[in-house]
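Peer 1:
In the UniProt record's numbering, the protein residues as written are 1 to 159.
The following block contains the structure:
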């Protein structure tokens, strides 16, 4: 299994980098994990809707370049489906059973995601209605992917 996390923007906080590194290391026994950080476009103050759409399109094009043709794509979006950890673990298992060896997660930038990227997704997933910083969401996602594999193994980690 290959897990790819495509994110818009650079991670700056050392404590988040340390947490992500820890869970990526733990995940290595289950899957090869790759984190791809893409440059975010600078958004001018009081940007127009047209400018925002141009920014989303540029970021979206960068994201699409990193998605493999046979990847199962799960994007994080507020309008996505909310899953309990057990259901998420089952979903990842089902995706593997369906013949996908590459699962790609996408976290967009501050403006969200381009409609073309949303259309490419096999699944939209939400971690709730709260707004979390995109950098923190990376850590939460990597931990939840690790938790999903631990649930699949019947490990007490989830308890």
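Here a beta-carbon is modelled for each residue, glycine too, at the ideal position from N, C-alpha and C. Since this is a predicted model, take the numbers as computed values, not measurements.
Give a yes or no on whether the C-beta atoms belonging to residue 8 and residue 38 are separated by under 8 Å.
Peer 2: In contact: residue 8 and residue 38 (Cβ atoms closer than 8 Å).
Peer 1: To the nearest angstrom, how far is the alpha carbon of residue 69 from that of residue 45?
Peer 2: About 36 Å.
Peer 1: Starting from the Cα of residue 84, find the closest Cα among 14, 126, 142 and give me that residue.
Peer 2: Per the Cα distances, 126.
Peer 1: In its own chain, which residues sit with a C-beta less than 8 Å from the C-beta of residue 118, not counting the 5 before and 5 after it?
Peer 2: So the list reads 75, 77, 124, once near-sequence residues are dropped.
Peer 1: Is there a Cβ from chain C that is less than 8 Å from the Cβ of residue 81?
Peer 2: In the structure shown, chain C cannot be found, because there is only a single protein chain.
Peer 1: Ends of the alpha helix (DSSP H) at residue 149?
Peer 2: Per DSSP, residue 149 belongs to the alpha helix (DSSP H) from 134-152.
Peer 1: With residue 67 and residue 120 assumed to form a contact (beta carbons below 8 Å), what rounded beta-carbon distance in angstroms separates them?
Peer 2: With a Cβ gap of about 6 Å, residue 67 and residue 120 count as contacting.
Peer 1: Let me know the secondary structure DSSP gives residue 222 once reduced to three states.
Peer 2: In the structure as shown, the chain starts at 1 and stops at 159, and residue 222 therefore has no counterpart that could be examined.
Peer 1: Do residue 43 and residue 111 come within 8 Å of each other at the CB atom, strictly closer than that value?
Peer 2: Yes, these two residues count as a Cβ contact at 8 Å.
Peer 1: Checking the sheet assignment: what are the DSSP bridge partners for residue 73?
Peer 2: Paired residue(s): 104.
Peer 1: Quick check on residue 138: buried or exposed, where buried means 16 or more other Cβ atoms within 10 Å of its Cβ?
Peer 2: Buried, by the Cβ-count rule.
Peer 1: Can you find at least 3 beta carbon pairs, one from the stretch 81-99 and one from the stretch 143-157, that sit closer than 8 Å?
Peer 2: Yes: the two stretches touch, three or more of their Cβ pairs being nearer than 8 Å.
Peer 1: Per the DSSP calculation, residue 6 is bridged to which residue(s)?
Peer 2: Beta-bridge pairing links residue 6 to 36, 106.
Peer 1: Closer than 7 Å to a non-hydrogen atom of the ligand NAD - does that hold for the CB of residue 106?
Peer 2: The ligand NAD is absent from the structure shown, which contains no ligand whatsoever.
Peer 1: Does DSSP put residue 78 in a helix, in a strand, or in coil?
Peer 2: In this structure, residue 78 counts as strand in the three-state DSSP scheme.
Peer 1: Less than 8 Å between the beta carbons of residue 60 and residue 102, yes or no?
Peer 2: Not closer than 8 Å, so no.
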